[in-house]
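Novice: Below you will find the structure I want to go over with you.
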Amino acid sequence: MTDTDHYEASVREKRAETVAEFHEDRSSPLSRLQHALHVTPALVPLIVLLASIVIFGLLLGSRFFSPFALTLILQQVQIVGIVAAAQSLVILTAGIDLSVGAIMVLSSVVMGQFTFRYGIPAPIAVLCGLTVGTACGFVNGWLVSVMRLPPFIVTLGSWQIFLATNYLYSANETIRAQEIEAAAPILQIFGAKFQIGGAVFTVGVVFMIALILVLGWVLRHTAWGRHVYAVGDDAEAAQLSGVNVKRTLVSVYMLSGLICAFAGWALIGRIGSVSPTSGYDANIESITAVVIGGISLFGGRGSIMGSLFGALIVGVFSLGLRLLGADAQWTYFFIGVLIIAAVAVDQWIRKVSA
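Quick look at the structure:
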């Protein structure tokens, strides 16, 4: 073997040692934790949720840690949880939808007004409301995908348009619970309660959980779900890979609008009446649940199950602090801390794929 051969062999050996050292560094406990959180993004909010339940359970005892109290949290977050599912789909595509609350309320108003103003049978009025929500989503999706307008600007504008349409069409008229109960009880079906042991559930809670589970399966096990993640991760690369980015974005916004319309139906069951002024802050609450739930605002990463955990975390803090007699402002304080912490953790986890 010549001197040149010996030199090249020595260089290859050093390179191999360098690669081996790199892999060894990546297998440190901190790196493994970082990788685990990257692979399972819902793990962080789940840990926070369980920890908060344990802490408030220790502080409040049976007043908090009971089947009734825990299912009460589910009832309180059912609307936010449904809207957060819609918001999650949009954020996974690296977008954002500020109009989800307005779509929800407008859809509920259409259901009520079609039933009581025009005498349309309630089931058909419900279908009309669901159609309106889907159409609103289509408008957002078309402007984002075809016109290539920024999602923030599009939905900021449509939020104002849908909200104004809601007020103008309803004339700020509230349809009372007694009227709905007497003439169109199907509008209140999401508020129907049933008891299992000491736990009290509503149809809205069951729908929320079923919706999250179905969407989670679709996103994980279907081509459409993989396309949603691909578009959020890198739209140009997804287009080059054969993904129809425009059609995917339109479908995501349409499905989001449909889910918001279901949230509007659930809202009627939750409050009993059709009110054009209710649910106005659902857009902020849904974004809060999604961010705390570990879904990246940069798109392409996260689990829709995390949005449910995020909504439940907010519900746990709200009920727990209320039972402790704390000022309501402390709830906003801790939720703000959780939002900043969630974004910081997301940035740290994203280094895995950098």
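In the working numbering, the protein residues as written are 61 to 414.
Virtual Cβ for every residue (Gly too), placed ideally from N, Cα, C.
1) Excluding sequence positions up to five away, which residues of its chain have a Cβ less than 6 angstroms from the Cβ of Ser363?
2) Quick one: Cα of Thr391 to Cα of Gly117, how far?
3) Over what stretch of residues does the beta strand (DSSP E) that includes Gln255 continue unbroken?
4) Please report the Cβ distance between Gly419 and Ala349, rounded to the nearest whole angstrom; I am assuming they are in contact, meaning their Cβ atoms lie under 8 angstroms.
5) So, for Phe377: in the same chain, excluding its five sequence neighbours on each side, which residues have a beta-carbon less than 6 angstroms away from its beta-carbon?
6) Give me the residue from Phe212, Gly189 and Ala388 with the minimum Cα distance to Val334.
7) For Asn226, which residues of its own chain have a beta-carbon under 7 angstroms away from its beta-carbon, when the five flanking residues on both sides are left out?
8) List in chain order: all unbroken alpha helix (DSSP H) runs of 4+ residues lying wholly within the stretch 285–349.
9) Which residue marks the beginning of the alpha helix (DSSP H) containing Ala259, and which one marks its end?
10) Measure how close the beta-carbons of Ile347 and Ile373 come, nearest whole angstrom, since I'm counting them as under 8 angstroms.
11) Here's the rule I'm using: 16 or more other beta-carbon atoms within 10 Å means buried, otherwise exposed. How should Gln238 be labelled?
12) If distances are taken between C-alpha atoms only, which option among Gly264, Ser148, Val104 and Thr234 comes closest to Gln38?
13) So what's Glu81 in DSSP terms, helix, strand or just coil?
14) Let me make sure I understand the geometry here. Which of Leu130, Ala259, Thr234 and Gly375 has the alpha-carbon closest to that of Ile328?
15) Could you please give me the residues that DSSP links to Ile246 through a beta bridge?
16) Taking the C-alpha atoms as reference points, what is the distance between Gln220 and Ser159?
17) Beta-carbon within less than 7 angstroms of Thr153's beta-carbon, same chain only, minus the 5 sequence neighbours each way: which residues are those?
18) For Ile156, name the three-state secondary structure that DSSP assigns.
Specialist: Reading from the atomic positions:
1) Taken in chain order, the residues that qualify are Pro101 and Ala102.
2) 17 angstroms
3) Its beta strand (DSSP E) spans residues Lys253 to Ile256.
4) Outside the shown range of the chain, which is 61 to 414, sits residue 419, and nothing can be said about it.
5) Thr391 and Phe394
6) Gly189
7) Ala162, Val165, Leu166, Val169 and Pro336
8) As far as the stretch 285–349 is concerned, its whole alpha helix (DSSP H) runs of at least 4 residues are 295–300 and 305–331.
9) Not the alpha helix (DSSP H): Ala259 falls in the beta strand (DSSP E), residues Ala259 to Thr262.
10) With a Cβ gap of about 14 angstroms, Ile347 and Ile373 do not count as contacting.
11) exposed
12) In the structure displayed, the chain extends from 61 to 414; residue 38 sits before or after that span and is not available.
13) The pLDDT assigned to Glu81 is 44, lower than 50, so where the model puts this residue is not dependable; a value taken from the coordinates is nonetheless given after this. DSSP places Glu81 in helix when its eight states are reduced to three.
14) Thr234
15) Beta-bridge pairing links Ile246 to no other residue.
16) 8 angstroms
17) Val288, Val291, Gly292, Leu309, Val312 and Gly359
18) coil
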